[in-house]
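Numbering (mature numbering (1 follows the signal peptide of the UniProt record, and there is no 0)) for the sequence shown: -21 to -1, 1 to 407. See below for the structure under consideration.
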Amino acid sequence: MAAKMWFVVCAVLITVKIVFGNDCSSIMKLSSCDECIRCGGYWCNDPTINTHCVETLNDDWCPNQKEELLVVRERTEPGGTDKPTYRERTVRVGVSNVINYKKIKPEPKIVNTTQNKEFFVTPKEYVGKNNNWYIEASPGDQFCSAKSKTLEEVFVEINIGADKEVIQYHVPCACQCSERAEVFSRKCSNRGTYACGVCSCPSGWSGKFCEKKECQGIRGDLQCTNPVKNDVECSGNGVCGPCEVCECYTDRPGSKYFDKENYCADICMTTNDCDECLSNPENGNCPDCHFPLIKMRYNETLVKEKDSQNRNIWITCNGTVDNCPIEYVAKKDDNGDVFVMVIKLCDVTNEAAVAGGTNVTIPVVLTVLLVAAAAAATAGYMIWRSRPPALPLADTQYQNIGAEDCVGSNPLYIPPTSYYNNPTYGKN
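Okay, here's the thing in structure tokens:
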């Protein structure tokens, strides 16, 4: 039982180390500056090179853009009767720091650290040098954690006989260039984060500059065409993307209804599958369609509706039902229900057309009557204008007409019984 429990504990510890520790088995494949220096490597910030992290330096590799780690200047403060000697040193992973001591063997002890205890401080004796000693300090490749800062600290107390020293070691565990990361950088195709010469790409994208889309679920050579309908790429409403998936247009009439999961099929292609519903004179829900389709009475006012982006909600469609041309409008609501209103079927305009809920027959008849009356009035006026003009009084036809011609004899006239003769009549 005890052996079994020990195996379980060991398995858990090994698993934890793999998950939370630094994987330094392939240092040249590391793509993060922080990971590189935590494994004791050297980092290059040049975005054009293929290998950014190496274990050892050479003159030809990254001559001008090596990442410089933060280093604290070495210093020593002599101690006194009540004060130990204080030293500061910087030591990076993969490199040892040495402090010499004479005659007496130093005895080191780690008293505090900001990381784990994988920091090695070892006293060693110089061979053949009169019993002189030194302390070698080096952090292991698991010293720095994934959340380490630019500098982490280790405090070591050293007893040298009756004397005592305190050494503060500074260990670089993160790169300074990591603090200058550019989120959604233009260098990373406006998708990834640029830092230390490399792009960290979001999920679904890869490549040196996050330019490659990671494709999943590719189903064959006809991914962007529907062989059941036709062989037109993305139904003519889009283009085939880098992962053989249709990318629908967004700037065309009815594009709000383009179905990306169905080869960018538009709403007219969808409703044309329900011919019987379109030709049925009855309105309401269509039971013969494989998706929710509601047929409505044509309403001219509804057809003019716009959405919040000033796009037409109703889309005009044309098709053929039983060799008979049909024109109708269609829309889809937020629940996926499709609504249609037939405008014309078999070249016969829908007589049930309404505008604002009012029957249009009476206004049309009145308009026709008014137009006819106006036309008749116009014709009468033109005839009146074209009649022969009256003869002027100065015309020769009015000359030499005696007074007798202007006086008629009235058979009913009764002469007066008396008369008066004006003596001045006819005299000048």
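Glycine included, every Cβ here is placed at the ideal spot set by N, Cα and C.
Assigned with DSSP and collapsed to three states, residue 297 falls in strand. Where residue 142 is concerned, the enclosing beta strand (DSSP E) starts and stops at 142 to 151.
With fewer than 16 other CB atoms across the displayed protein chains lying within 10 angstroms of its CB, residue 348 is exposed. Under the DSSP definition of a beta bridge, residue 226 partners with 218. By the neighbour-count criterion, in which a residue is buried when 16 or more other Cβ atoms sit within 10 angstroms of its Cβ, residue 139 is buried. The beta-carbon distance between residue 94 and residue 129, rounded to whole angstroms, is 13 Å. This is too long to meet the 8 Å contact definition. Residue ranges of uninterrupted beta strand (DSSP E) with 3 or more members, entirely inside the stretch 47 to 134 and ordered along the chain, are 54 to 56, 64 to 69, 76 to 80, 86 to 92, 98 to 104 and 112 to 118.
Residues 210, 211, 212, 213 and 242 of the same chain have their beta carbon placed closer than 8 Å to that of residue 204, with the five preceding and five following residues left out of the count.
In the DSSP annotation of this structure, the continuous segment of the beta strand (DSSP E) that includes residue 303 starts and ends at 303 to 311. By the neighbour-count definition (other C-beta atoms within 10 Å, threshold 16), residue 86 is an exposed residue.
Under the DSSP definition of a beta bridge, residue 327 partners with 324.
Between residue 186 and residue 194, the CB-CB gap reaches or exceeds 9 Å. For residue 282, the uninterrupted alpha helix (DSSP H) run begins and ends at 279 to 282, by DSSP. Counting the other CB atoms within 10 Å of its CB gives residue 59 a total below 16, which places it among the exposed residues. Put simply, the backbone Cα of residue 184 is about 36 Å away from that of residue 317. Looking at the DSSP output, residue 263 bridges to 274.
Residue state for residue 208 is assigned as coil, using DSSP reduced to three classes. In the DSSP annotation of this structure, the continuous segment of the beta strand (DSSP E) that includes residue 172 starts and ends at 172 to 174. Looking at the DSSP output, residue 236 shares a beta bridge with no other residue. Taking residue 25 as reference, the option from 18, 17, 11 and 19 with the minimal CA-CA separation is 11. DSSP places residue 179 in the uninterrupted beta strand (DSSP E) bounded by 177 to 179.
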